[in-house]
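The next block holds one structure in the form of structure tokens; read it before the comments.
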Amino acid sequence: MDEEKIIVCRCEDITLKEIRDLIHEGYTTVEEIKRVSRAGMGPCQGKTCGPIIAREISKITGKPIEEVYKPSNRPPFGGLFFKEIVGESNEE
Amino acid sequence: MKNKASIVVIGGGITGVSIAYNLAKAGVKDIVLLERKYLAYGATGRCGAGVRQQWGTKQNCILARESVKIFENIKDELNIDIDIEFKQKGYLLLAFTEKEWNQFQKNVQLQNSLGINSKLLTPDEAKNIVPFLNTDNLLGAAYYEKDGHANPFLTTIAYAKAAENLGVEINKGVEVLDILVKNGRIKGVYTNHGFIETEKVVNAAGGWSQNIGKMVGIDLPVYSERHEILATEPVNEILGPMVMSFSYNIYCQQTPHGSFIMGYGPKERTTSLRSSWQFLESMAQKVTRLLPPTKNLRVVRQWAGYYNMSPDHQPIVSKCEEIEGFYLAIGFSGHGFMLAPAVGILMKDIILEKKLSWDVVLDIGRFKRNEIIKEPSVV
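Chains as they are written, first to last, in the numbering used here: chain A, 1 to 92; chain B, 1001 to 1379.
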């Protein structure tokens, strides 16, 4: 398959090729790739792309996957509207 | 990694890379930068990404003004083709109390005298800039259209690449364990990857700068505060400027990517970098009251970071009097990202013993001399 057509981060629309290019450029942690490319910053918070990116890093650098993938789970888990927090009393 | 360096810069945030770049640009060879994790791991990568020139002290105004000149021409300055997403759509600062309003009048006068053409606005004029702004109890606002935003990660990487192009060695994943001092002089740095012989060390470790100070036996007058921040899903552009209120204790902007970033400081001295539900709830109340359409935004992520606070909320860019060869770029009090381009130049001036590029007093001796003027405009 064409790595330019494989979407790794669906939230931010980032392809496998972009991820591999970043790893070859020296960004060899999931956190760095997130900061440079926004992969994993969308609504799913890297739940889908995180493990895939980690696998790519592990394959290219030879580092064990446990060393590469230590996700920092940041709240809120599922994405929340402000209006769900403040309630309807704040509605105009 | 080299085992000998002319200068070791500790910290791979925006301040460290800017200092390394400016030293290399001035012709210094064998500079080594050490970063414990990865570039922009600490405060830089966790910051609000705002760039403002509307300050209440001369020093902060000058540093910000000069930094914006560099942000505006960053590709030419660094000779690097990275888009740092610099946007200039202004900062709108809101005054809800008489005290704030009086302060804004003084600030604007000071800023104007330094070539920063900020202005005071009536609540109606503020509404012209942000039509959905809730102006209840608003006395007025201050606005400068040349303030804005830049992407902290990409700016850090741009500076780091430019530094590397000039010969700087940047080492990620290298932790400083101790610093060797003999007879009051720096002799080297112990790391988890070995010893580096050097006579000059720059402490640009941000939230961890006190720890580095302790390694040379100095108790630095800074401390780290945990501040919290969140980001929403991207939406079409509805908000141009950064909106900020000191009495609400909030800042909120829409990035060029479309997401909103907003934060405030609970002012906690804690070593935790976790985010709290209390922050999310409190921020939801504040932002939906001030900018009602934000209630339809979905929060996707929240996090925390350190403000490295100095006693007067202005940076300490200085040599250390007690230890020969030890330099400090610390205490940015939440504004290190936006001031870093100018700070890199000042530190270069100090290390190379040149006249400072601008008339500012940022040495650590100012606290002893009791010359401090506290920055009044901090969130």
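Glycine included, each C-beta is placed from N, C-alpha and C at the ideal position.
Residue i at chain B interface by Cβ criterion, 7 Å
i, result
"isoleucine 53 of chain A", "no"
"proline 75 of chain A", "yes"
"lysine 83 of chain A", "yes"
"valine 30 of chain A", "no"
"arginine 20 of chain A", "no"
"leucine 110 of chain A", "Nothing about residue 110 of chain A can be read from this structure; chain A reaches only from 1 to 92."
"glycine 40 of chain A", "no"
"asparagine 90 of chain A", "Annotation note: pLDDT 48 at asparagine 90 of chain A (below 50); position unreliable, coordinate value reported separately. Yes, asparagine 90 of chain A lies at the interface with chain B (some Cβ there is under 7 Å from its Cβ)."
"proline 64 of chain A", "no"
"valine 8 of chain A", "no"
"glycine 79 of chain A", "yes"
Contact belief for residue i with residue j at Cβ below 8 Å, rounded distance in angstroms
i, j, result
"leucine 1078 of chain B", "valine 1168 of chain B", "The Cβ separation is near 13 Å, so there is no contact."
"isoleucine 1186 of chain B", "glycine 1325 of chain B", "4 Å"
"lysine 1119 of chain B", "tyrosine 1143 of chain B", "6 Å"
"lysine 1029 of chain B", "serine 1006 of chain B", "6 Å"
Within-7 Å CB hit, residue i to chain A
i, result
"arginine 1046 of chain B", "no"
"valine 1300 of chain B", "yes"
"lysine 1295 of chain B", "yes"
"phenylalanine 1132 of chain B", "no"
"lysine 1002 of chain B", "no"
"threonine 1255 of chain B", "no"
"threonine 1288 of chain B", "yes"
"alanine 1040 of chain B", "yes"
"glutamate 1281 of chain B", "yes"
"alanine 1284 of chain B", "yes"
Within 7 Å, strictly: CB atoms of residue i and residue j
i, j, result
"glutamate 1375 of chain B", "glycine 1027 of chain B", "no"
"serine 1282 of chain B", "histidine 1313 of chain B", "no"
"tyrosine 1130 of chain B", "isoleucine 1179 of chain B", "Here residue 1130 of chain B turns out to be valine, not tyrosine, going by the sequence shown. Against a cut-off of 7 Å, the Cβ pair of isoleucine 1179 of chain B and valine 1130 of chain B comes out as no contact."
"lysine 1286 of chain B", "isoleucine 1250 of chain B", "yes"
"serine 1318 of chain B", "isoleucine 1364 of chain B", "yes"
"isoleucine 1373 of chain B", "arginine 1366 of chain B", "no"
"proline 1241 of chain B", "glycine 1090 of chain B", "yes"
"isoleucine 6 of chain A", "leucine 16 of chain A", "yes"
"valine 1008 of chain B", "alanine 1020 of chain B", "no"
"isoleucine 85 of chain A", "alanine 1284 of chain B", "yes"
First through last residue of the beta strand (DSSP E) which encompasses residue i
i, result
"cysteine 9 of chain A", "7-9"
"threonine 1156 of chain B", "Note, threonine 1156 of chain B: premise wrong, no beta strand (DSSP E); alpha helix (DSSP H) at 1152-1165."
"serine 1275 of chain B", "Here serine 1275 of chain B belongs to no beta strand (DSSP E), and DSSP marks it neither H nor E."
"serine 58 of chain A", "Here serine 58 of chain A belongs to no beta strand (DSSP E); instead the alpha helix (DSSP H) covers 49-61."
"isoleucine 1316 of chain B", "1316-1319"
Extent of the continuous alpha helix (DSSP H) to which residue i belongs
i, result
"tryptophan 1358 of chain B", "From DSSP, tryptophan 1358 of chain B is part of no alpha helix (DSSP H); its letter is neither H nor E."
"alanine 1020 of chain B", "1014-1025"
"valine 1395 of chain B", "With chain B covering only 1001 through 1379, there is no way to say anything about residue 1395 of chain B."
"methionine 1 of chain A", "From DSSP, methionine 1 of chain A is part of no alpha helix (DSSP H); its letter is neither H nor E."
"glutamine 1103 of chain B", "1098-1113"
"asparagine 1128 of chain B", "1123-1129"
"lysine 1214 of chain B", "1209-1215"
"arginine 1269 of chain B", "First-last for arginine 1269 of chain B: undefined, no H or E at that position."
"leucine 1063 of chain B", "1058-1072"
Heavy atom of the ligand SAH within 6 Å of residue i beta-carbon
i, result
"isoleucine 1082 of chain B", "The ligand SAH is absent from the structure shown, which contains no ligand whatsoever."
Cβ of residue i within 7 Å of any chain E Cβ
i, result
"threonine 1270 of chain B", "Although the question refers to chain E, the structure presented lacks it and instead comprises the protein chains A and B."
Nearest residue (CA-CA) to residue i, options the options
i, options, result
"lysine 1200 of chain B", "B/Leu1023, B/Val1378 and B/Glu1371", "B/Leu1023"
"isoleucine 1261 of chain B", "B/Thr1294, B/Thr1271 and B/Arg1289", "B/Thr1294"
"arginine 38 of chain A", "B/Ser1272, B/His1257 and B/Ala1141", "B/His1257"
"leucine 1181 of chain B", "B/Gly1173, B/Glu1175, B/Tyr1190 and B/Trp1358", "Note that residue 1181 of chain B is valine in the sequence shown here, rather than leucine. Comparing Cα positions, the closest option is B/Tyr1190."
"isoleucine 1238 of chain B", "B/Ala1284, B/Leu1297, B/Tyr1223 and B/Ile1212", "B/Leu1297"
"leucine 1273 of chain B", "B/Lys1025, B/Gln1105, B/Ala1043 and B/Ala1005", "B/Ala1043"
"valine 1360 of chain B", "B/Ile1212, B/Asn1060 and B/Val1235", "B/Asn1060"
"methionine 1347 of chain B", "B/Met1001, B/Lys1002 and B/Thr1015", "B/Thr1015"
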